[in-house]
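Trainee: If you want the numbering used here, it's the position in the sequence shown, counting the first as 1, plus 1. Pasting in a structure now, in structure tokens, and then I'll have a few things to ask.
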Amino acid sequence: MPQSYRVAILGATGAVGTELLSLLDERHFPISELRLLASSRSAGQVMTFQGQSIPVEVVGDRSFENIDIVLASAGGATSKAWAAQIVEAGAVMIDNSSAFRMHPTVPLVVPEVNPSAAAEHVGIIANPNCTTILMNVAVYPLHQVQPVQRIVAATYQSASGAGARAMEEVKTQSREILEGRPPLPEILPYPLAFNLFLHNSPMTDNGYCEEEMKMVNETRKIFAEPDLRVSATCVRVPVLRAHSEAINLEFAQPFHPEQARDILSKAPSVKLVEDWQANYFPMPMDATGRDEVLVGRIRQDISHPNALELWLCGDQIRKGAALNAVQIAELLIEKNWLRPAERAIATPRS
Ligand code: A2P
2 MPQSYRVAIL
12 GATGAVGTEL
22 LSLLDERHFP
32 ISELRLLASS
42 RSAGQVMTFQ
52 GQSIPVEVVG
62 DRSFENIDIV
72 LASAGGATSK
82 AWAAQIVEAG
92 AVMIDNSSAF
102 RMHPTVPLVV
112 PEVNPSAAAE
122 HVGIIANPNC
132 TTILMNVAVY
142 PLHQVQPVQR
152 IVAATYQSAS
162 GAGARAMEEV
172 KTQSREILEG
182 RPPLPEILPY
192 PLAFNLFLHN
202 SPMTDNGYCE
212 EEMKMVNETR
222 KIFAEPDLRV
232 SATCVRVPVL
242 RAHSEAINLE
252 FAQPFHPEQA
262 RDILSKAPSV
272 KLVEDWQANY
282 FPMPMDATGR
292 DEVLVGRIRQ
302 DISHPNALEL
312 WLCGDQIRKG
322 AALNAVQIAE
332 LLIEKNWLRP
342 AERAIATPRS
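Right under this line is the structure:
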């Protein structure tokens, strides 16, 4: 009989939480007990898993007792508030928030890129930022053949990145505009329907917002290339889910687009989507609900002999968040890395 595990989802009612629930079912994750946790706003709510009704519990002091794996997707403040308790209870937290991503003792893992980093965990593994995951899945296979020297990305990020309520807000705003009423932003800072705006994460001192700096710093950590040159401009667009990215990659020598195409056509979790005649390339609607990152429009940068341009779309909620987290959990089970023996547990508190 294969072993099964006691799993808790922290933030079960959110956009990523509900996707985690579907993925655990779809992928036949070996579960013996499933605990669904959220805030008091969700008290009394019931969710369905494999035909069974499971009540949503308000997270509390005893929520993590007798749990093996916590999939956390309830925001950074909630992860920080419960991390120590989760680790002390003997569970591994796979955290979708940015709270611990850059902490030196917390591995930041994209299973297609740096699976072995997960072995080093001391109770917490961080799931990278969605745009970073999608970009890394597409860039790393090329980087392995010829090290990339500089990455310049522009993102087109869907409402789902701001959560389930932001997705609803875009639909409501669309109706408001079409009916001639002023769109009222509540979750998002500005109207997103029929509009776009630069990513509204806090600005840092260098003129990049935090979302952009996540792409820089997290890629360096995941690739284990602390000096890799990365620059990004992140934009929120009126797409419900699935992010898109235009990426320019500079190498030391020319990288033939045909070779890049060949490498990416065989790369894990990548699907090449290119029909040049029909001008058909990855679109967020096509990427929605899919596990692979769709990559296409691979071409020589005409302004630089050693640079390539490519375009990608990936489901922000799946590979950009929930799927990557479930893959990390599967990796821990497959490699028997769930409970790293003989390691000092030093829970980062911030
Ligand atoms: P709730 O629905 O009870 O507010 P999204 O990213 O789609 O906005 O979802 C966020 C998820 O995190 C939801 O499940 C939400 O639960 C949960 N959450 C937010 N704040 C807390 C909190 N303080 N404690 C527990 N869960 C929280």
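Virtual Cβ for every residue (Gly too), placed ideally from N, Cα, C.
Which residues bound the beta strand (DSSP E) around G297?
Mentor: From DSSP, the beta strand (DSSP E) with G297 extends over 294-301.
Trainee: Within 10 Å of its beta-carbon, does A225 have 16 or more other beta-carbons around it, so buried, or fewer, so exposed?
Mentor: The residue is exposed, with fewer than 16 neighbouring Cβ atoms inside 10 Å.
Trainee: Quick one: Cα of G52 to Cα of V231, how far?
Mentor: Distance between the alpha carbons of G52 and V231: 46 angstroms.
Trainee: How many angstroms separate the CA atom of T19 from the CA atom of Q254?
Mentor: T19 and Q254: Cα-Cα distance of roughly 45 angstroms.
Trainee: So, using beta-carbon positions, are P192 and Q174 closer together than 7 angstroms?
Mentor: Contact: yes.
Trainee: Please indicate yes or no: does the CB of G61 lie closer than 6 angstroms to some heavy atom of ligand 1?
Mentor: For ligand 1, not one heavy atom lies less than 6 angstroms from the Cβ of G61.
Trainee: Could you spell out the range, first to last residue, of the alpha helix (DSSP H) harbouring A78?
Mentor: Looking at the DSSP string, the run of the alpha helix (DSSP H) that includes A78 is 77-89.
Trainee: Mind checking V47: buried by the 16 CB within 10 Å criterion, or exposed?
Mentor: So V47 ends up on the exposed side.
Trainee: If we call anything under 7 angstroms between Cβ atoms a contact, is F50 one with A90?
Mentor: No, Cβ-Cβ distance for F50 and A90 is not below 7 angstroms.
Trainee: Hey, quick one: how far does the alpha helix (DSSP H) through I334 stretch, first residue to last?
Mentor: It spans 324-335 - the alpha helix (DSSP H) in which I334 sits, taken as one unbroken run.
Trainee: Would you mind stating whether T289 and A326 have Cβ atoms separated by less than 7 angstroms?
Mentor: No.
Trainee: Please enumerate, following chain order, all residues with a beta carbon closer than 5 angstroms to at least one heavy atom belonging to ligand 1.
Mentor: Selection output, chain order preserved: G12, T14, G15, A16, G18, A39, S40, R42, S43, V60, A75, T79, G164, A165.
Trainee: Fully enclosed by the stretch 116-149, which alpha helix (DSSP H) runs are 4 residues long or longer?
Mentor: With a minimum length of 4 residues, the continuous alpha helix (DSSP H) runs that stay inside the stretch 116-149 are 131-146.
Trainee: Decide if K172 is buried, meaning its Cβ has at least 16 other Cβ atoms within 10 Å, or exposed.
Mentor: K172 comes out exposed.
Trainee: Please determine, among W83, L333, S5, L295, the residue with the shortest C-alpha to C-alpha distance to N137.
Mentor: For N137, the nearest C-alpha among the options comes from L295.
Trainee: Given that a residue counts as buried once 16 or more other Cβ atoms are within 10 Å of its Cβ, and exposed if not, what is A268?
Mentor: Classification of A268: buried, given that the 10 Å Cβ count is 16 or more.
Trainee: Excluding sequence positions up to five away, which residues of its chain have a Cβ less than 7 angstroms from the Cβ of I318?
Mentor: Closer than 7 angstroms at the Cβ level, and outside the excluded window around I318, lie A16, V17, E20, S161, R242.
Trainee: Note the first and the last residue of the continuous beta strand (DSSP E) segment covering K272.
Mentor: 271-273 is the extent of the beta strand (DSSP E) around K272.
Trainee: CA-CA distance, L72 and G321?
Mentor: About 14 angstroms.
Trainee: Please name the residue in M168, I188, F195 whose C-alpha comes closest to that of G181.
Mentor: The option with the nearest alpha carbon to G181 is F195.
Trainee: Note down, in chain order, each residue of its chain lying with its Cβ closer than 8 angstroms to the Cβ of C210, except the 5 sequence neighbours on either side.
Mentor: Hits under 8 angstroms: L199, H200, N201, S202, P203, M204, C235.
Trainee: DSSP puts L309 in a beta bridge; with which residues?
Mentor: Bridge partners of L309: L250, Q301.
Trainee: Compute the Euclidean distance between the alpha carbons of P285 and D316, then round it to the nearest angstrom.
Mentor: Cα-Cα distance, rounded: 7 angstroms.
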